[in-house]
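A quick write-up on the structure given underneath.
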Amino acid sequence: MPELSDVIELTAEHVKGVLAGDSSGHDWWHIERVRRNALLIGRHEGADCVIVELAALLHDIADWKFHGGDDSAGPRAAREWLQQHQVDSVIISAVCDIISRVSFKGAGVSTEMPTLEGKCVQDGDRLDAIGAVGIARAFAFGGHFGRAMYDPEVPPTMHDSFAAYKSKGGPTINHFYEKLLLLKERMQTETGRTLALQRHQFMEQFLQEFFHEWNANELPSART
Ligand code: ADP
Ligand code: NI
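Numbering-wise, the numbering used here comes out as the position in the sequence shown, counting from 1, plus 1.
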């Protein structure tokens with residue numbers, strides 16, 4: 002049976018290959034940042050870091066957003082990969098369960114993440130959705146899928162089902178109100194909550210500046 006540390010390295014190489022060339026904010030470096038965030042949180046919280054690292058590495062291996070909305074594709078691809086490397090079935094189940102639950106599913110949809118390892122991965126993923134990197138990823142995603150940057154005539158929607166959230170196609174600025182600004186309150190660990198604060202504030206500041214520029218109704222001297 003291969004050493005788990007070898008499987009982790011092989012998994013990282015595999016994911017790098019699968020996500021090469023992505024321009025939607027789901028590239029290898031997103032995975033690497035989530036891996037680091039999740040491990041940082043996992044060490045602070047006393048989680049099983051093998052499960053945390055494997056789930057972080059595989060969490061977007063076949064995301065529903067790129068597989069016609071099929072949310073079973075990710076856990077299935079992860080299971081196949083881990084089985085090929087003879088990983089213990091208990092670890093495989095834990096990792097695949099995390100992958101099946103990790104995604105945000107709409108403002109009004111409650112999602113359960115029962116394990117500590119899952120909470121660490123979800124917080125790690127959500128940290129990468131907010132702050133400066135989160136802003137950059139949101140506009141990369143919007144551009145990739147041909148979304149408007151902002152349209153004042155299209156209000157945000159608080160989706161109350163995963164199906165409605167999946168089928169949305171609104172402007173990127175709406176995504177801040179539909180998801181990104183809500184994440185601070187939905188962090189699952191103390192460590193994650195602490196790390197989210199500064200990133201959240203930066204997004205608030207960004208939006209204030211964005212609307213200030215958009216409306217262009219004040220002279221610079223009239224500000225402050
Ligand atoms: P999740 O599985 O929770 O959606 P991901 O790792 O797949 O997390 O990343 C989601 C990121 O993709 C968002 O944080 C955002 O940057 C981008 N994204 C997803 N949907 C949209 C959207 N409608 N508009 C802009 N960005 C989006
Ligand atoms: Ni992700």
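From the three backbone atoms N, C-alpha and C, an ideal C-beta is built for every residue, glycine too.
For Lys106, there is no enclosing alpha helix (DSSP H), as DSSP marks it with neither H nor E. Here DSSP, grouped into helix, strand and coil, assigns Phe146 to coil.
Taken atom to atom, the span from the alpha-carbon of Thr195 to that of Lys185 is near 9 Å.
Scanning its chain for C-beta atoms nearer than 7 Å, with the 5 sequence neighbours on each side dropped, one finds around Asp64 the residues His27, Gly75, in chain order. Secondary structure of Lys167 (DSSP, three-state): helix. Ile131 carries a coil assignment under DSSP once its states are collapsed to helix, strand and coil. Ranked by how close their Cα comes to the Cα of Ala57, the residues Gly193, Val96, Lys66 have Val96 in first place. Burial is judged here by how many other beta carbons sit within 10 angstroms of a residue's own beta carbon; Trp215 has fewer than 16 and is exposed. Taken through DSSP and simplified to helix, strand or coil, Thr195 comes out as helix.
Not one heavy atom of ligand 2 is found less than 7 Å from the C-beta of Val16.
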